[in-house]
Amino acid sequence: LWETGEAAAAAAQTLQSRRPLSLSSSKAPAADDVLWDNVQLPATDRNLRHTAGDLFFLLTILFFVPIVGTLSALTDLEKLMKWAPWLERVIGTDQRVRSALQGILAPLVLNAAFALAPLLLKAIAHYQGRSSKTDIQYSLVRKFSVFLFIESFVVAVVSQPVVDMLNDILGRRWERLLQ
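The numbering of the sequence shown is my numbering, which starts it at 90 and goes up by one.
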């Protein structure tokens with residue numbers, strides 16, 4: 090049936106669908122890399138799970154937007170001390186300490202907020218029916234890259250001016266109401 094040993098070995102190492110006559114096959118990952126529960130999923134279930142996973146990924150990004158926006162707005166040390174005046178006594182007046190905290194505070198707070206995201210994204214990739222651990226890792230890296238771009242660049246950069254603008258507008262309204 091096979092003309093060469095290489096062709097027979099390649100055919101033996103394909104991952105085929107369990108449904109007869111489906112002709113859905115791909116190069117098989119290593120045996121210890123295969124997620125056998127996901128291999129047995131029918132194509133329609135896998136497609137539905139993939140769509141649901143993409144929707145949940147979008148919801149995860151939207152869930153983190155207000156969190157990241159709020160945290161990035163609070164990482165400005167001067168504004169934070171206006172909200173919590175007791176911090177000025179703790180930090181003191183030394184400009185070097187304030188500069189060091191300002192440089193450390195924003196990345197530390199954002200990284201702490203982002204620590205949960207890979208766990209959620211890995212669960213999404215597993216739910217989507219990926220057939221191997223390597224596919225899950227690949228999907229995780231792609232999703233996390235998009236997540237980091239949107240959350241750390243778009244939201245963190247845009248949120249600061251928006252919060253400042255809203256604060257100015259609302260601050261003026263409160264001043265007018267109090268007069």
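Positions of the beta carbon are idealized from the N, C-alpha and C atoms, including for glycine.
{"Asked": "Nearest candidate by alpha-carbon position, reference A132, set S220, Q191, L194 and A201", "Found": "S220"}
{"Asked": "Whole-Å CB distance - L166 paired with Q191, under 8 Å assumed", "Found": "5 Å"}
{"Asked": "Reference D126; option with closest CA among F153, K222 and P155", "Found": "K222"}
{"Asked": "Start-to-end residues for the alpha helix (DSSP H) that takes in E177", "Found": "W175 to I180"}
{"Asked": "Three-way DSSP call (helix, strand, coil) for S220 in this model", "Found": "coil"}
{"Asked": "Closest residue to N256 among T159, T182, V243 and A119 (Cα-Cα distance)", "Found": "T159"}
{"Asked": "Whole-angstrom distance between G218 and R135, CA atom to CA atom", "Found": "6 Å"}
{"Asked": "N- and C-terminal bounds of the alpha helix (DSSP H) containing L197", "Found": "Q184 to F203"}
{"Asked": "Sequence-distant residues of the same chain with beta carbon closer than 8 Å to L130, five excluded per side", "Found": "R138 and G218"}
{"Asked": "Cβ neighbours of R187 in the same chain (closer than 7 Å, five flanking residues each side left out)", "Found": "L166 and I180"}
{"Asked": "Residue nearest to V251 in terms of C-alpha spacing, selected from P155, L169 and A141", "Found": "P155"}
{"Asked": "Outcome for F236 when other beta-carbon atoms lying within 10 angstroms are tallied against a minimum of 16", "Found": "buried"}
{"Asked": "C-beta atoms of A195 and T149 nearer than 7 Å", "Found": "no"}
{"Asked": "Anticipated Cβ contact below 8 Å, L199 with L229, distance rounded", "Found": "Contact doesn't hold; Cβ gap of about 19 Å is too wide."}
{"Asked": "Extent of the continuous alpha helix (DSSP H) run through D126", "Found": "W125 to V128"}
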